[in-house]
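FYI, the numbering for the sequence shown is 3 to 222, going by this note's numbering.
Every residue, glycine too, gets a C-beta built ideally from N, C-alpha and C.
Since this is a predicted model, take the numbers as computed values, not measurements.
A quick write-up on the structure given underneath.
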Amino acid sequence: MKLTEHLYFYPENGMMDCNHYLVKDAESLLIDPGSSQFSSELIAQIKRDGIKPEDIKLITNTHLHPDHCWANSALKQASGAKIISHPVQENHHKGALSRMGSYFGIPGLGFEVDEYLKDGKLTTGKLTLEVIAAPGHARESVCFYCPEEKFLVTGDVVFSQNIGRYDFPGGSLEDLKKSVETLSRLDIEYLLPGHMDIVSGAENVRQNFEFIARYVFNSL
Ligand SMILES: [Zn+2]
Ligand SMILES: [Zn+2]
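Dropping the structure here:
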């Protein structure tokens with residue numbers, strides 16, 4: 003589903019999958035390939051929007067939980083894209099993958115990163131996304147913010163009317179609070195979480211952050 007001039011949204015296909023976001027640009031970017039069980043379904047959905055798998059030049063992840071990065075290798079193979087990662091994910095790469103692989107009982111969860119971002123920015127052509135470190139759900143969580151089209155891909159940091167879990171290895175409620183607070187100051191039209199519904203419209207996004215501050219964090 004097309005959301006903005008450059009952004010496409012593909013909702014999660016089932017258990018252990020996640021919402022996928024594709025920035026269509028000179029170097030199209032796929033954020034969170036999700037579960038490899040659903041790779042062919044995801045590729046079919048992308049094709050239905052007139053985007054060829056080989057148009058995808060870059061693949062990246064909001065964090066390294068298997069429901070977000072399990073299909074990195076499959077999508078890289080299908081597209082020939084490079085896997086790009088934020089430096090905060092470098093230290094956690096191998097550790098996080100093997101920890102979460104055994105936590106979820108998934109063997110052989112692994113992929114090679116082709117390039118680490120140098121300045122926290124990811125350029126796809128016309129658009130440049132700011133890659134914001136947002137620990138709390140996972141130590142290596144990052145969010146992707148596009149000032150031009152005012153969308154924020156949050157991974158599992160913030161959802162519609164909820165926050166991400168902080169009880170997985172590497173999670174921290176204190177960090178999560180700070181991250182959500184930082185994100186709430188951005189000018190956002192589309193809040194794009196890793197699971198369930200998206201939130202669209204600046205006023206709805208503002209109310210969502212207010213709801214979380216008032217009813218979610220306050221009740222913990
Ligand atoms: Zn997660
Ligand atoms: Zn997730």
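- With a minimum length of 3 residues, the unbroken runs of beta strand (DSSP E) contained wholly in the region 86-162 fall at 123-125, 130-135, 144-148, 153-157.
- A distance of 8 angstroms or more separates the beta carbons of Leu44 and Ile86.
- For Val25, the uninterrupted beta strand (DSSP E) run begins and ends at 22-25, by DSSP.
- DSSP links Leu178 through a beta bridge to no other residue.
- For Phe11, there is no enclosing alpha helix (DSSP H); the residue is found in the beta strand (DSSP E) stretching over 9-12.
- Listed by position along the chain, the residues with Cβ atoms less than 5 angstroms from a non-hydrogen atom of ligand 1 are His67, Asp158.
- Annotation: the continuous alpha helix (DSSP H) that includes Lys49 extends over 41-50.
- Of the residues Leu9, Val207, Val90, the one whose Cα lies closest to the Cα of Arg141 is Val90.
- Relative to ligand 2, the beta carbon of Gly196 is positioned inside 7 angstroms of a heavy atom.
- Judged by DSSP secondary structure, Ser81 falls within the alpha helix (DSSP H) whose first and last residues are 74-81.
- Under the three-state reduction of DSSP output, Thr62 falls in the strand class.
- By the criterion of a C-beta distance shorter than 8 angstroms, Glu7 is surrounded in its chain by Glu151, once the five residues flanking it on both sides are discounted.
- Look at Leu32 here: in three-state DSSP terms it is strand.
- Setting aside the 5 residues that flank it on each side, His65 is surrounded in the same chain by Ala140, Glu142, Ser143, Gly157, each with a C-beta closer than 6 angstroms to its C-beta; the list follows chain order.
- Straight through space, the alpha carbons of Pro13 and Glu205 are spaced by roughly 23 angstroms.
- Short note on Asp169: C-beta not closer than 7 angstroms to any heavy atom of ligand 2.
- The three-state secondary structure of Ile165, taken from DSSP, is strand.
- Lys4 is bridged by DSSP to Tyr10.
- Residue state for Pro171 is assigned as coil, using DSSP reduced to three classes.
- Judged by the Cβ position, Cys145 fails to qualify as a neighbour of ligand 2 at the 7 angstroms threshold, every heavy atom of the ligand being at least this far.
- By the Cβ criterion, the region 165-184 is not in contact with the region 73-80, since fewer than three pairs of Cβ atoms, one from each stretch, lie closer than 8 angstroms.
- Sequence-distant Cβ neighbours of Val160 in its own chain, meaning closer than 6 angstroms and more than five residues away, are Val182.
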